[in-house]
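Below is one structure, written out as C-alpha cells; comments come after it.
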Amino acid sequence: MIKKDIGFVLKRFNFGETSTIATLYLHNFGKIRGIFKGFYRQKKEFSTSLDIFSLNEFIFYPKESEIWLVSQADLIAEFSYLKDSLEKAAVAGFFFKLLDKTMQLWDKNRYIFNLVFHCMRLIEKDYTKAFYLFLIKFLTLAGIKPELNHCIICQKLIKGPRFFSTRRGGLLCFECCKNYKDYKSISKETSKAFNYIQNNSIAVASRLQLSSHCQKEIAEIIEKFLAYHFDLGNLFQRSLLFPHPLASKFVSSL
Ligand SMILES: [Zn+2]
C-alpha cells in the first residue's frame, strides 16, 4: 500500500544511468532503503536533489524486500549552514553515520528521529554542544542508557568517588570497585552533566555549559560504550576531530 512520510537522506549511490538508491531515516518507518527510478531524468515527481542531510517528504511502497520503490520526493529543509562549515558538516556526518551503523532496517524510533531533527538545528548555533547532547540522548533512546546515579552492583546512591565500568553499564561505588578491574574514575561534574542531559529536553539541556574536561570525559565514556554495544569501526575517532579538545590525540588525518 502506498505511504507518505518525512525523513533524512543518510546516504545514496547511483544505480544505472538514471536512477539512485538512498538510505533514508523516516519519522514513522525508521531506516529504509529506497530506489528512485528515473531520478536523473528530472521528473516532476522529484523536486529535491536528495542531498545527504536534507529533510524531504517521500511517497513510497513498503514491501517485504529490502529496497522499496519511492515514487515521489519533495524537499522540506536542507540545513544550508552545513555547506559553510567543515566542523558543522562533520558533526552532522557523525550523527548520520552513527544512525546508519546502529539502526536496523525498519526499526522505527520517533524519539531518535526527533533527536536528530532538534540536534541538526542546534548544530547551527553550537555544534560542540549539539554533538555531546546527541551522544548522551542517543544512548538513552537506543535503549543502552548508562547508570550514573546508583552503583550498578549494590544499587547504592553514589555520593563519593565515581568509577565508570563500560562492561557493566554504569557507575561502581568505592566498595564495589574493589572487586573489579574494568573501570575508570570520572568526575562529579561529568556524572551530573550526564544525568542533567539525560533527564531534560534538548532546549533545556542546551543551556548547560560543559567544561573541556567534562567534554573529554563524556567523549571517552561514550566512545567506549558505543564500541562495546555496536561495531562502529573508526567512526568515533574520525568524527571527534572537530568537537573533541584532544582530538588530535586520536587521529592523524581525516
Ligand atoms: Zn556498590
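In the numbering used here, the protein residues as written are 1 to 254. The beta carbon of each residue, even a glycine, is placed where N, CA and C say it ideally should be. Computed from a predicted structure; not experimentally measured.
Proximity winner among the options, relative to residue i (alpha-carbon distances)
| i | options | result |
| --- | --- | --- |
| Met103 | Ile32, Lys83, Phe164, Asn200 | Ile32 |
| Thr18 | Gly30, Lys224, Phe46, Ala193 | Phe46 |
| Lys88 | Glu124, Leu50, Leu235 | Glu124 |
| Lys83 | Leu210, Arg110, Lys224, Phe53 | Phe53 |
| Val116 | Leu75, Trp106, Phe138, Ser80 | Phe138 |
| Phe36 | Asn28, Trp68, Lys11 | Trp68 |
| Ala73 | Phe134, Ile6, Ala90, Asp100 | Ile6 |
| Phe29 | Leu10, Ser85, Ser71, Lys108 | Lys108 |
| Tyr40 | Ile158, Met120, Asn14 | Asn14 |
| Ile186 | Cys173, Ile197, Ala205 | Cys173 |
| Tyr81 | Gly170, Leu122, Lys156, Glu223 | Leu122 |
| Arg168 | Ser191, Leu133, Ile197, Tyr228 | Tyr228 |
| Leu98 | Phe131, Phe58, Leu55 | Phe131 |
| Lys224 | Leu75, Ile136, Tyr111, Ser71 | Ile136 |
| Thr166 | Glu66, Lys159, Ile144 | Ile144 |
| Val70 | Gln42, Ala22, Ser85 | Ala22 |
Ligand 1 heavy atom lying under 6 Å from the CB of residue i
| i | result |
| --- | --- |
| Ile186 | no |
Between the CA atoms of residue j and residue i - distance to the nearest angstrom
| i | j | result |
| --- | --- | --- |
| Ile2 | Cys214 | 48 Å |
| Phe8 | Ala77 | 9 Å |
| Pro146 | Pro62 | 35 Å |
| Leu254 | Lys181 | In this prediction, Leu254 has a pLDDT of 29, which is less than 50 and means its spatial position is unreliable; nothing more can be read from the coordinates. |
| Thr20 | Cys154 | 54 Å |
| Tyr183 | Cys176 | 11 Å |
| Asp126 | Leu141 | 22 Å |
| Phe60 | Asn149 | 45 Å |
| His27 | His118 | 13 Å |
| Gly38 | Lys44 | 10 Å |
| Phe164 | Lys216 | 14 Å |
| Ala64 | Tyr25 | According to the sequence as given, residue 64 is Glu; it is not Ala. Looking at the two C-alpha atoms, the distance is approximately 18 Å. |
| Trp106 | Lys178 | 43 Å |
| Lys11 | Asp51 | 8 Å |
| Pro245 | Val91 | For Pro245, the predicted structure reports a pLDDT of 43, less than 50, and the residue's modelled location is therefore unreliable. The matter cannot be settled from this model. |
| Thr128 | Phe95 | 13 Å |
| Phe194 | Asp100 | 24 Å |
| Pro161 | Phe58 | 51 Å |
| Met120 | Ala205 | 15 Å |
Residues that DSSP places opposite residue i in a beta bridge
| i | result |
| --- | --- |
| Leu172 | Phe163 |
| Glu57 | Ile6, Asp74 |
| Ala22 | Arg12, Gly34 |
| Leu69 | Ile35, Tyr61 |
| Ile197 | According to DSSP, which records beta bridges pairwise, Ile197 is partnered with nothing at all. |
So if I measure from each beta-carbon to every heavy atom of ligand 1 and keep distances below 7 Å, which residues remain? Counting every residue whose Cβ lies closer than 7 Å to a heavy atom of ligand 1, we get Cys151, Ile153, Cys154, Lys156, Leu172, Cys173, Glu175, Cys176.
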